[in-house]
Amino acid sequence: MAAIALKTQATSKLLHLNGSMSVVYIKAANYSSDRKPNLAAYKRGTGGRSSFNGIVATVFGCTGFVGRYVCNKLGKIGTQLILPYRGDFYDAQRLKVCGDLGQVLFTPYHLLDEESIAKAVRYSNVVINLVGRDYETKNFKYNDVHVDGVRRIARICREEGVERFIHLSYLNAEEHPKPLVLKKPSAWKISKYLGECAVREEYPTATIIRASDIYGSEDRFLRSLVNKMRSHSNLMPLYKNGLATVKQPVFVSDVAQGIVNAARDDDTKCEVYQAVGPKRYLLADLVDWFYKLMRKDEKWGGYIRYDMKYDPILPLKVALVNAISPAYPLGNLHWEGIEREATSDNVVIGVPTLEDLGVTLTHMEDQVPWELKPFRAHQYYMDRLGEFPKPDPPPVYSA
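Residue 172 in UniProt numbering sits at position 172 of the sequence shown, and the numbers go up by one each step.
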């Protein structure tokens with residue numbers, strides 16, 4: 001049944017996405033005194049999933065790690081979602097339940113297809129870009145995604161009159177990064193920096209979120225460090241034994257909440273926010289704690305941590321993994337990933353953080369034990385009460 005849209009100057013527009021007709025109400029950017037706004041564009045409902053809060057948001061990268069959390073939080077507060085997807089529709093279909101019936105719409109797109117991007121953002125007043133690549137493929141290099149693709153999305157958003165643009169970047173992105181594990185500067189860090197510059201050039205009022213290592217279910221921080229591909233049994237090689245790297249990881253739900261809060265607050269335009277956790281830790285202390293939580297420390301499984309420069313096996317393993325898995329590296333084991341693992345989080349004093357967006361930060365001590373529970377040794381062993389004492393949390397880095 002075709003839906004009928006009232007074509008008023010307050011812009012009530014008809015959107016045709018994915019073979020179905022839906023009415024999407026867009027609030028005009030400016031109303032003159034002689035124009036009467038469309039009443040259907042006003043907020044309605046009690047504020048939950050069955051409400052409409054006046055925001056129509058396009059989320060690029062909706063099927064990714066952070067994207068799923070962002071879509072869920074937007075749907076919970078009555079946001080109408082337009083979710084562009086690439087590849088198989090069934091990868092994105094599970095996001096249908098983020099909102100009420102008719103509130104979540106899908107459209108295929110490609111980073112090189114400007115018309116598909118314009119179609120995805122044309123009816124939105126907020127666009128959130130979460131598109132990124134951790135590793136390069138034969139079809140997409142880092143610059144293709146982080147620079148050219150981001151520039152194309154930001155430019156089209158400006159041309160289509162999108163009111164808000166929010167871009168997720170990397171905390172340690174810089175133009176001339178110092179190589180740590182790699183022999184040359186990290187192409188991933190450089191592309192993330194150039195992507196920020198592209199956003200600023202094409203959409204000057206954009207809000208940029210610079211995130212440190214993000215952990216949570218199905219992440220690529222915790223699971224990269226505890227994956228069997230990363231270590232040799234319980235032998236764990238780290239850059240300078242983990243004693244030269246300081247991390248301030250952030251929980252994925254906190255990052256998503258910060259993005260949602262920024263989308264609802266016009267005062268966040270032109271701002272840069274640092275998405276970091278509440279505490280800083282040495283990587284060595286974090287990894288030791290992870291293995292204690294998995295019951296694989298020196299008391300249980302002979303765990304040993306050492307400097308990776310003395311390890312001849314790791315380079316061979318990385319080369320083998322990337323040779324036999326051309327689509328994606330098994331266990332997220334690749335040199336750019338190890339480079340980011342070795343990078344200390346550089347938090348700039350004076351730059352606002354997620355707390356300035358009203359986010360109550362989650363402590364790793366409260367969340368990580370639950371995240372690593374599936375990785376515990378002897379998972380089916382029925383331990384007696386108190387047989388395995390709770391490991392002490394890692395010490396906070398204060399230097």
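Virtual Cβ for every residue (Gly too), placed ideally from N, Cα, C.
None of these values were measured; they are calculated from a predicted model.
Member of 270, 57, 113, 227 whose CA lies at the smallest distance from the CA of residue 209: Between residue 209 and the set 270, 57, 113, 227, the nearest pair of CA atoms involves 270.
Span separating the alpha-carbon of residue 285 from that of residue 172: Rounded to the nearest whole angstrom, the CA to CA distance from residue 285 to residue 172 is 21 Å.
Limits of the unbroken beta strand (DSSP E) element including residue 238: Residue 238 -> beta strand (DSSP E) spans 235-238.
Per DSSP, the bridge partner or partners of residue 232: The partner list for residue 232 (beta bridge, DSSP) reads 235.
Residues bridged to residue 241 [DSSP beta-bridge criterion]: Answer is none; residue 241 lacks a bridge partner.
Three-way DSSP call (helix, strand, coil) for residue 124 in this model: DSSP, reduced to helix, strand and coil, places residue 124 outside both helices and strands of the structure shown, so it counts as coil.
Helix, strand or coil at residue 383 [DSSP, three-state]: Here DSSP, grouped into helix, strand and coil, assigns residue 383 to coil.
Residue 356: first and last residue of the uninterrupted beta strand (DSSP E) it sits in: That residue, residue 356, is in no beta strand (DSSP E); it is neither H nor E in DSSP.
C-beta atoms of residue 274 and residue 351 nearer than 8 Å: A contact, by the Cβ cut-off of 8 Å.
Run of the alpha helix (DSSP H) containing residue 158, from where it starts to where it stops: Counting along the chain, the alpha helix (DSSP H) containing residue 158 begins and ends at 150-159.
Range of the contiguous alpha helix (DSSP H) that encloses residue 293: Residue range 283-293 is occupied by the alpha helix (DSSP H) that includes residue 293.
Cβ distance (whole Å) where residue 345 is taken to contact residue 247 below 8 Å: Rounded to the nearest angstrom, the Cβ distance from residue 345 to residue 247 is 6 Å, consistent with a contact under 8 Å.
Length of the line joining the Cα atoms of residue 280 and residue 102: Taking the straight line joining both Cα atoms gives about 43 Å.
Start-to-end residues for the alpha helix (DSSP H) that takes in residue 263: Note, residue 263: alpha helix (DSSP H), 252-263.
Classification of residue 24 by the beta-carbon crowding that lies within 10 angstroms, buried from 16 upward: Its pLDDT being 37, under 50, residue 24 is placed unreliably by the model, and nothing is read from it.
Separation of residue 317 from residue 330, as counted between CA atoms: Here the C-alpha atom of residue 330 lies approximately 11 Å from the C-alpha atom of residue 317.
Span of the alpha helix (DSSP H), counted from its first residue to its last, around residue 323: Per DSSP, residue 323 belongs to the alpha helix (DSSP H) from 313-324.
Close beta carbons around residue 227, own chain, < 6 Å, minus the five adjacent residues each side: 331.
For residue 166, the nearest candidate out of 305, 121, 360, 244 (CA to CA): The candidate whose alpha carbon is nearest that of residue 166 is 121.
Exposure of residue 289, with buried meaning 16 or more beta-carbon neighbours within 10 Å: Counting C-beta atoms within 10 angstroms of its own C-beta, residue 289 has 16 or more neighbours from the protein chains shown and is therefore classed as buried.
Cβ-based neighbour list, residue 108, same chain, cut-off 8 Å, excluding 5 preceding and 5 following: Cβ contact annotation for residue 108 (same chain, cutoff 8 Å, sequence separation greater than five): 18, 84, 85, 86, 89, 116, in chain order.
Test item: CB-CB of residue 334 and residue 135 under 8 Å: Yes. Within cutoff.
Where the beta strand (DSSP E) containing residue 209 begins and where it ends: DSSP places residue 209 in the uninterrupted beta strand (DSSP E) bounded by 207-211.
Beta-carbon separation (whole angstroms), residue 236 vs residue 305, contact threshold 8 Å: Taking a contact as a CB-CB distance under 8 Å, the pair residue 236 and residue 305 counts as one, their CB atoms being some 5 Å apart.
For residue 304, three-class secondary structure by DSSP: Reduced to three states, the DSSP call for residue 304 is strand.
Opening and closing residue of the beta strand (DSSP E) in which residue 164 lies: Segment 164-170, the beta strand (DSSP E) holding residue 164.
Range of the contiguous alpha helix (DSSP H) that encloses residue 275: For residue 275, no alpha helix (DSSP H) run applies; the uninterrupted beta strand (DSSP E) run containing it begins and ends at 272-275, by DSSP.
Cβ-based neighbour list, residue 322, same chain, cut-off 7 Å, excluding 5 preceding and 5 following: Excluding five sequence positions before and after residue 322, the CB atoms of its chain that fall closer than 7 Å to its own CB belong to 329, 334, given in chain order.
Touching by the beta-carbon criterion (3+ pairs, under 8 Å), the stretch 211-227 and the stretch 62-73: Two segments are said to touch when three or more pairs of C-beta atoms, one from each, lie closer than 8 Å; by this definition the stretch 211-227 touches the stretch 62-73.
Minimum length 3: unbroken beta strand (DSSP E) runs contained in the stretch 50-101: Residue ranges of uninterrupted beta strand (DSSP E) with 3 or more members, entirely inside the stretch 50-101 and ordered along the chain, are 56-60, 80-85.
Proximity to residue 319 [Cα-Cα], best of 276, 303, 338: With respect to the C-alpha of residue 319, the residue from 276, 303, 338 having the closest C-alpha is 338.
Residue 447, enclosing alpha helix (DSSP H) - first and last residue: Any question about residue 447 goes unanswered here, given that the chain covers just 1 to 399.
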